[in-house]
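Below you'll find the structure, written out as C-alpha cells, and then a few comments.
Chains as they are written, first to last, in my numbering: chain L, 1 to 504; chain C, 1 to 509.
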C-alpha cells in the first residue's frame, strides 16, 4: 500500500503538466516578448513533455487504470465519468508525450531564425494537451472539446511559416477540411444524442436498446462520427488534406501531426466504438455491423496510401502518403473487433501506433534536417547524403526499414501482431492486404535508403552542419525503434491489457 | 549460452567495427571474426547432441526463454543445435572470417561500414541456423536482407543499384508468402500448438496435421501451405524459374559478398526447405514428388546450360550455383538417408567450393580488372598460385573424387537412384547426372581459354602474383574441401544422425 493516496484528479496529471507547460511558455513570452531564447523555450517544452511522459509511465507501472482484480488501482473516473483514466488512456498519453518531446527538441534547430518562437512552442504544447485529453475523454462532449483543442493549434502550426506560400496554403486547406469534418462529427454526435438521449459513452451503450425506433438515425450518426475520426487519423475518405498539410507544414509539425495527432484520433475511435457502441447491441439496433465499415476503410486506406506513396518524387509527400497507409494498418484494430473479442487486434493496433510514433517521427525529423541543410525536397536531392552524414542516414535507414516492417526493427513486431490478430479474427482478406501492402511499401522506403546510401550526389553541397537538437532527436528516435526489440514483451503486455480493459 | 555468445560477439563486433576508423577496420573485423570461428569449432568438437532438433532430438547448447505472450501463443527465445545446423554454423563462421580477409585488397571505400555489415550478416546467419522458434527464426531470416542489400548496392559493380533492389524485392516477397503460409498453418493446427516453437509445430503436424481453418479442410490447407512455403524458399535457393535475381546479385556484388551469398545465403533456402517442408509435411512431399524432382532436374540442366553460355567468369560461377542447388533439391526429394544426408552435405560442400571459386575469380579480377573469358589467356603464366587454386576449385565443382563435391554429389545420386518414394527415380537421376557433363564442359572450356595458352590480356594492368592475404583464405578453403572429401564422416555422421528421424515419418531409411 502506498503511504499516501494522491487525489483522484491527479490521474490526469500528464495532460495537466502539458497545459501547465504551455501556460509557462506564455508567461515567458509576456515577460520578454522580443527575445527568442531558443534554449529556454525548447528546453521548457522538452522538460514539460518528458515530465508528462515520466508521470504517465509511472502511473502505468503503479497500476493506475488496471482493474483492481488484476492487482491494479482501478480505473479512475473523473467528473462524473466525463473523463476516464485507464491503461489505454495512459498508453496513448505516453505516445503523445514521446512525440512531443522529440518534436520540441528537434524544433530547437529547425525554428532557428523564425519569428513567433514562444507562440510556436506553446501551440505545440496546447495541441499536445488536446491530444492527451482525447486519450482520456469519455463523453462525446469532452471528446469534441479535446478534438478542437488539438485541432485549432494545429491549424496555426501548419501555417506558422507565414511568409511561405506553401505553409499558408497548407494551413488553409487543413483548416477548411478540418472545420468541415468537425461539423460532420458534431452533427453525428447530435444524431446519436437524439437517438439515445445520452452523451456519456457508457450511458449510450446502456440506452442503445431504447433507441430501437431510431435505428436509422443512430446509424447515420455513427457513420458521420466515423467521418470525424477519418479526418483526425488521415484515413479515407477524409485523407486528402494530409499530403498537402504535411508537405507545407514545417517538418517537425508534420512529424507531430502524422504521429501524435493520428494516435489521438485512434484512441477516441477505439474508445467510442468499444464503449458506446458494442457490436452486438448496436447491430441489433441499426441492422448492420459497423466493423464492416472499418474493414472496407482499412483495406482502401492502406492500399490507397501505399499506391500513392509509390508514385511520389517528393520525400515529404511520400511520407505523408505512407502515413495514410499506416492509418490503414491501425484501422485493422477496429475492423477486427467482433462480438467475442478483438483484444489482440486492438492491442496490436495500439502497439503499431506507439512504434509508428518513433519511426515516423524520426523519418519526418530527417526531412526536417534535410530542410535545415537546404538540400532540396525530392529523392534525387537526397542522393549520396550518407557520405556526408552517415549517422543521420543510418538512422534514416532504420526508420525506413522499420516502416516497411523488416525484422528486427520495431515496425516488424507491430505488423506481425496485426497480421496474427487479423488472421485470428478470421479476416483473411485484410491480412492479405496487409502483407501485400507491406511488400509494396518496401519499394518506396528502400528507394529513399537507396538514394542516401547508394546513389552518388548530384551536386556539391559543401559541408553539412550537425545541428545538436535535430541530431539528438533523430538518434533518440532511432534508438527507440531498435530498442523495441528487447522490450517488446512488456509493451505487448501493456497494450493487450489496455485493450482488454476497454473491450471488457 | 554458447549460441547467444556467438551471436553477441558478431553483433557487438559489427557495432565496434562500424565506428572504428576506416584504416584499421579490416584487420579489426578479422580479429573479431576469429572469436566466433574458434568458438564454433570448439562447439563442433564438443558437440553432444543427437537426433533431429524438431523431432525430439537431444539438442546441443539449447537455451529457451519465454519472451512475448501473444494471445494464446507464446513466443520464446529458443535456440539449439543438431547435426544439420552445426555444420552450417561452422561453415558460416569460417567463411565469414575468410571473406573478411579476402576483402582487404578490393575494398577501399567506407571500410568500417563494409566490415561492420559483414559481421552483422554473420550474426544473423548464425541466428537463422540456430533459431528453433519461428518468430525468432524469421527475424534473423529477414534481417540478413538489409546488410546484403547494402553490400551489393554500395560496394557493387556498375549495375549494382538494379541488382540490389532486385535481390531485395524478390527475396522479400518470397519471405512474406512463406510467412503468411506458416502463420496460417499455426492457426490451422488449432489447440494442438500453443507456441511458435518449431518442434511443437512439427509434432502437431505429424500427429494428425491441421484440422482446417476458415472453411478450408485440413489436408487441403496442409497442401496449400506446403506449396506456398516451397515457393517462398525456392526463390531463396534459387530454383528455376525463380533464379533470375541470382546472377545479377552475384555479378554486381563485391567478392566477399558473393562468397557469403553463394556460400551461406543460398543454404538458408535449402536448410529451411529441409526444416519445414521436408520435416513437417511427409505426406505432401510424397504427393508432390514428381513436380519437385522435375524442377530439380530442370534447375540442374538449365542452370548448367546458362553457365555454358556465359563469358563472364563470375556469371559462370553464379549460374553453376543454380545447377548445384538443383542437386540439393533432388537429394531432398529422394527422401532417403543418402539423398537427404547427401543434400545436407552438399550444402556445406557447395558453400566451401563456390566460396573458393568466387575468391579465386575475385583475386584474378583484382589484378586484371576484367572477368571476361575473352579478354585474357595464359593467366597461369603470371599468377600461378591463384590460378592453381582456381583450377582446383573447378575440379571440386566437377566432383573430383577425394574432394567434398564428389562425396556430396555421389551420395545424392546414390540416394536418389533407388528411391522408392520418388516415382521415375531411374529417369530423373541419370538426367541430373548429365548435368555434371555440362559442368565439366563449361568449366574446362573457360579454364582452357583463360588459364592456359600464351599470356595475353586486354587491359593495361600490370599483373603480378597475388598478395599472401588474398591467397591464404583460398588455401584454407581448399584444405577443408579436401579434408571433407577424404574424411566425409567428420560431418556426415552427425548429419545422418539428424536426418534419420525425419525419414522415420515418411521416407525410407
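The beta carbon of each residue, even a glycine, is placed where N, CA and C say it ideally should be.
{"Check": "How long is the line joining the alpha carbons of residue 85 of chain L and residue 169 of chain C, rounded to whole angstroms?", "Outcome": "44 Å"}
{"Check": "Using 8 Å as the threshold, is the region 343-359 of chain L in touch with the region 76-96 of chain L, meaning 3 or more CB pairs across them?", "Outcome": "yes"}
{"Check": "Quick one: Cα of residue 465 of chain C to Cα of residue 453 of chain C, how far?", "Outcome": "18 Å"}
{"Check": "Quick one: what's residue 376 of chain C bridged to in DSSP?", "Outcome": "C/457"}
{"Check": "Using alpha carbons as the reference points, say which of L/392, L/44 and L/427 lies closest to residue 187 of chain C.", "Outcome": "L/427"}
{"Check": "Are at least three pairs of beta-carbons, each pair with one atom in the region 256-272 of chain C and one in the region 217-227 of chain C, less than 8 Å apart?", "Outcome": "no"}
{"Check": "Is there a Cβ from chain C that is less than 7 Å from the Cβ of residue 373 of chain L?", "Outcome": "no"}
{"Check": "Is there a C-beta anywhere in chain L that falls below 7 Å from the one on residue 118 of chain C?", "Outcome": "no"}
{"Check": "Would you identify the three-state DSSP class for residue 78 of chain C, choosing helix, strand or coil?", "Outcome": "strand"}
{"Check": "Which residue comes first and which comes last in the beta strand (DSSP E) that contains residue 84 of chain L?", "Outcome": "83-85"}
{"Check": "Examine the Cβ distances between the region 245-265 of chain C and the region 91-105 of chain C and report whether three or more of them are shorter than 8 Å.", "Outcome": "yes"}
{"Check": "Taking residue 368 of chain L and residue 257 of chain L to be in contact with their CB atoms under 8 Å, please state how far apart those CB atoms are, rounded to whole angstroms.", "Outcome": "Wrong, their Cβ atoms sit about 13 Å apart, outside the cutoff."}
{"Check": "When you compare the CB positions of residue 263 of chain C and residue 95 of chain C, do they come within less than 7 Å of one another, or not?", "Outcome": "yes"}
{"Check": "Between residue 241 of chain C and chain L, is any beta-carbon pair separated by less than 7 Å?", "Outcome": "no"}
{"Check": "Using alpha carbons as the reference points, say which of C/15, C/158, C/355 and C/281 lies closest to residue 471 of chain C.", "Outcome": "C/355"}
{"Check": "Which residues bound the alpha helix (DSSP H) around residue 46 of chain C?", "Outcome": "22-46"}
{"Check": "So what does residue 213 of chain C bridge to, in DSSP terms?", "Outcome": "C/216"}
{"Check": "If we call anything under 7 Å between Cβ atoms a contact, is residue 233 of chain L one with residue 327 of chain L?", "Outcome": "yes"}
{"Check": "Look at the alpha carbon of residue 403 of chain C and the alpha carbon of residue 482 of chain C, and state the distance between them as a whole number of angstroms.", "Outcome": "5 Å"}
{"Check": "Suppose the cutoff is 8 Å on Cβ atoms and the five residues either side in sequence are ignored; what does the same chain contact list for residue 142 of chain C look like?", "Outcome": "172 and 175"}
{"Check": "Let me see if you follow: with CB-CB separation under 7 Å, is residue 142 of chain C close to chain L or not?", "Outcome": "yes"}
{"Check": "Which same chain residues end up closer than 7 Å to residue 331 of chain C when comparing Cβ atoms and leaving out the 5 residues on each side of it in sequence?", "Outcome": "339, 340, 342, 343, 346, 412, 415 and 416"}
{"Check": "So the candidates are L/268, L/472 and L/386; which of them puts its Cα closest to the Cα of residue 331 of chain L?", "Outcome": "L/268"}
{"Check": "In the DSSP assignment, what are the bridge partners of residue 516 of chain C?", "Outcome": "It is not possible to answer for residue 516 of chain C, since the shown part of chain C is limited to 1 through 509."}
{"Check": "Select from the region 424-450 of chain L all residues with a C-beta closer than 9 Å to any C-beta belonging to chain C, and list them in chain order.", "Outcome": "424, 426, 428, 431, 432, 435, 436, 438, 439, 442, 443, 446, 447, 449 and 450"}
{"Check": "Leaving out the 5 sequence neighbours to the left and right, which residues in its chain are closer than 7 Å to residue 500 of chain C when beta-carbon positions are compared?", "Outcome": "337 and 509"}
{"Check": "Between L/404, L/77, L/67 and L/227, which has its C-alpha nearest residue 309 of chain L's C-alpha?", "Outcome": "L/404"}
{"Check": "Which chain L residues are close to residue 67 of chain C, counting only those with a beta carbon under 7 Å from its beta carbon?", "Outcome": "489"}
{"Check": "Cα separation between residue 159 of chain C and residue 133 of chain L?", "Outcome": "53 Å"}
{"Check": "Closer than 8 Å between beta carbons: that is the criterion. Which residues of the region 389-422 of chain L meet it against chain C?", "Outcome": "390, 397, 401, 406, 407, 408, 412, 416, 417, 419, 420 and 421"}
{"Check": "What does DSSP give as the partner residue(s) for residue 511 of chain C in the beta ladder?", "Outcome": "Only positions 1 to 509 of chain C appear in this structure, which leaves residue 511 of chain C out of reach."}
{"Check": "Spatial neighbours of residue 3 of chain L within its chain, please: CB distance less than 6 Å, with the 5 preceding and 5 following residues excluded, ordered by chain position.", "Outcome": "Confidence in residue 3 of chain L is poor, its pLDDT being 49 and thus under 50, which makes the residue's placement unreliable; the coordinate value appears in the next sentence. Contacts found: none."}
{"Check": "What three-state label does DSSP hand residue 314 of chain L in the structure shown?", "Outcome": "strand"}
{"Check": "Could you give the DSSP three-state label for residue 206 of chain L: helix, strand or coil?", "Outcome": "helix"}
{"Check": "From L/400, L/431 and L/425, pick the residue whose C-alpha is nearest to that of residue 415 of chain L; which is it?", "Outcome": "L/431"}
{"Check": "For residue 334 of chain L and chain C, any beta-carbon pair shorter than 7 Å?", "Outcome": "no"}
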